[in-house]
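Before any comments, here is the structure.
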DNA sequence: TGAGATTACGGGGAACGTAATTATC
DNA sequence: GATAATTACGTTCCCCGTAATCTCA
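Chains as they are written, first to last, in the working numbering: chain A, 834 to 957; chain B, 834 to 957.
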């Protein structure tokens with residue numbers, strides 16, 4: 834089973850139609866269908882009934898949904914915590930060196946560092 | 834974030850080395866490194882410290898591990914239930930039809946059905 | 001006729017593995 | 001010298017999107 838496919842599953846379960854789910858995730862209709870089929874095959878059971886008015890969960894699908902929702906919850910919590918813990922340095926970095934060393938060795942390092950920590954300003 | 838990458842993360846966290854984790858999952862060393870980097874970039878933080886004796890979790894990594902483990906647990910439960918709910922028909926299927934219809938139309942259908950439900954034996 | 005699912009098909013790129021490089025013991 | 005990470009590189013193949021088809025209102 835592909836864990837990523839559970840997001841697809843969730844979207845379809847919520848939207849009820851491949852098109853809507855596709856739009857929500859930023860994917861296309863066929864892709865949604867494919868990923869769903871892949872999941873169903875991996876699990877060896879049908880998750881949705883294709884009815885006239887959209888996709889409606891089967892009993893097994895409903896059971897899966899419960900798990901998938903808990904997984905999503907954990908994933909979101911994980912991301913929240915990650916972005917929350919993200920921290921940026923902020924201040925001035927001053928350093929000196931001989932001319933040639935500064936230009937040849939330090940410049941690229943400082944440039945790279947600047948990308949990582951844009952709040953830090955280098956001063957000469 | 835790619836949910837599937839969490840399995841990679843778990844494997845590395847448990848094995849402590851890319852090689853071992855790769856072996857366990859059936860992947861190669863570079864792949865593990867790549868997936869891990871992808872995850873770290875998606876989360877915007879470093880999950881492991883590359884030390885002399887393998888990969889050791891950072892504080893943030895430890896926090897992520899807790900979530901990842903719960904996710905894995907849910908995923909496993911989901912799969913258990915799916916395979917548990919898998920049900921096989923079992924018995925004899927007897928049907929009759931005119932000769933030409935049986936050979937032309939029914940045969941392929943029965944063959945396909947037989948693959949799905951091997952416990953069911955067709956009888957003429 | 002319109003919305004949606006499914007199938008067909010072709011192309012692009014992502015991701016993988018092999019191999020080379022570096023580092024550490 | 002061996003083990004392991006990382007980088008480089010070439011290639012495959014898989015997955016995706018477009019388009020066509022089919023079905024049901």
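A virtual CB, placed ideally from N, CA and C, is assigned to each residue, including glycine.
From which residue to which residue does the beta strand (DSSP E) around residue i run?
i: residue 882 of chain A; result: 881–884
Can you name the residues that DSSP bridges to residue i?
i: residue 887 of chain B; result: B/884
How is the alpha helix (DSSP H) around residue i delimited, first residue to last?
i: residue 848 of chain B; result: 838–848
i: residue 865 of chain B; result: 862–876
i: residue 852 of chain A; result: 851–858
Show which residues of chain A have a CB atom less than 9 Å away from the CB atom of residue i.
i: residue 843 of chain B; result: Within 9 Å Cβ-Cβ: nothing; residue 843 of chain B doesn't reach chain A, min ~11 Å.
i: residue 834 of chain B; result: 908, 911, 912, 915
Measuring straight from C-alpha to C-alpha, what distance separates residue i and residue j?
i: residue 862 of chain A; j: residue 848 of chain A; result: 13 Å
i: residue 883 of chain A; j: residue 895 of chain B; result: 42 Å
i: residue 915 of chain B; j: residue 885 of chain B; result: 42 Å
i: residue 853 of chain A; j: residue 845 of chain A; result: 8 Å
i: residue 804 of chain A; j: residue 887 of chain A; result: Coverage of chain A is limited to positions 834 through 957, which leaves residue 804 of chain A absent and any answer about it impossible.
i: residue 935 of chain A; j: residue 890 of chain B; result: Here residue 935 of chain A scores only 49 on pLDDT, less than 50, and its place in the model should not be relied on; the value that follows carries that caveat. Roughly 34 Å separates the two Cα atoms.
i: residue 909 of chain A; j: residue 842 of chain B; result: 17 Å
i: residue 900 of chain B; j: residue 906 of chain A; result: 10 Å
i: residue 839 of chain B; j: residue 892 of chain B; result: 17 Å
i: residue 856 of chain A; j: residue 850 of chain B; result: 40 Å
i: residue 837 of chain A; j: residue 837 of chain B; result: 6 Å
i: residue 913 of chain A; j: residue 897 of chain B; result: 11 Å
i: residue 911 of chain A; j: residue 903 of chain A; result: 12 Å
i: residue 917 of chain B; j: residue 860 of chain A; result: 32 Å
i: residue 834 of chain A; j: residue 881 of chain B; result: 26 Å
i: residue 858 of chain A; j: residue 858 of chain B; result: 29 Å
Strictly below 8 Å CB to CB, what residues from chain B border residue i?
i: residue 910 of chain A; result: 900
i: residue 916 of chain A; result: 876, 877
i: residue 848 of chain A; result: Within 8 Å Cβ-Cβ: nothing; residue 848 of chain A doesn't reach chain B, min ~19 Å.
Below 7 Å on C-beta distance, what does residue i contact in chain B?
i: residue 904 of chain A; result: 904, 907, 908
Run down chain B in chain order and give the residues with a C-beta less than 9 Å from the C-beta of residue i.
i: residue 896 of chain A; result: 911, 914, 915, 918
Taking residue i as the query, report the chain A residues whose CB atoms sit under 8 Å from its CB, ordered along the chain.
i: residue 840 of chain B; result: 836
Just checking, does the segment 863–873 of chain A make contact with the segment 871–888 of chain B on the three C-beta pairs under 8 Å criterion? No, because fewer than three Cβ pairs between the segment 863–873 of chain A and the segment 871–888 of chain B fall closer than 8 Å, the two stretches do not touch.
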